[in-house]
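Peer 1: Quick note on my numbering: the sequence shown kicks off at 3 and runs consecutively. In this text, a Cβ means the ideal position worked out from N, Cα and C, and glycines have one as well. For clarity, every value in this text was computed on a predicted model and none was experimentally measured.
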Amino acid sequence: MNTKNVEDKAERKKLKREARKEAPAKAARKEPRGSNKKKVKTIAKGQRKR
3 MNTKNVEDKA ERKKLKREAR KEAPAKAARK EPRGSNKKKV KTIAKGQRKR
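#1: Distance check for A27 and E9, CA to CA, integer angstroms please.
#2: Spatial neighbours of A21 within its chain, please: C-beta separation below 7 Å, excluding the five flanking residues on both sides.
#3: Going along the chain, which residues of its own chain have a beta-carbon closer than 7 Å to the beta-carbon of T5, five neighbours each way excluded?
#4: Starting from A29, trace the alpha helix (DSSP H) in both directions and tell me its first and last residue.
#5: Rounded to whole angstroms, what's the CA-CA distance from R31 to V42? Just pull it up for me.
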């Protein structure tokens with residue numbers, strides 16, 4: 003929804019909310035969120051090196 007020409011913040015928010023309500027529902031995710039994030043290596047547990 004383009005609200006660039008609406009100056010009042012409250013009015014803009016109202017229009018966006020209405021548009022969100024009217025929009026079709028989004029499909030369920032195929033893979034979990036953040037699945038593309040870089041995985042963190044687990045640090046070695048036990049005695050300290052230095």
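Peer 2: Let me spell this out:
#1: Taking the sequence shown and counting its residues from 1, the one referred to as residue 9 is at position 7. Taking the sequence shown and counting its residues from 1, the one referred to as residue 27 is at position 25. C-alpha separation (whole angstroms): 28 Å.
#2: As a first step, residue 21 is located in the sequence shown; it is residue number 19 there, counting from the start. If we look at A21 and ignore the five residues flanking it on each side, its Cβ neighbours are M3.
#3: The residue you call residue 5 lines up with position 3 of the sequence shown. Excluding sequence positions up to five before and after T5, its CB lies within less than 7 Å of the CB of R14, L17 and K18, all in the same chain and listed in chain order.
#4: As a first step, residue 29 must be located in the sequence shown, where it is residue number 27. That residue, A29, is in no alpha helix (DSSP H); it is neither H nor E in DSSP.
#5: On the sequence shown, position 29 is the one that residue 31 refers to. On the sequence shown, position 40 is the one that residue 42 refers to. Each residue's alpha carbon lies about 23 Å from the other.
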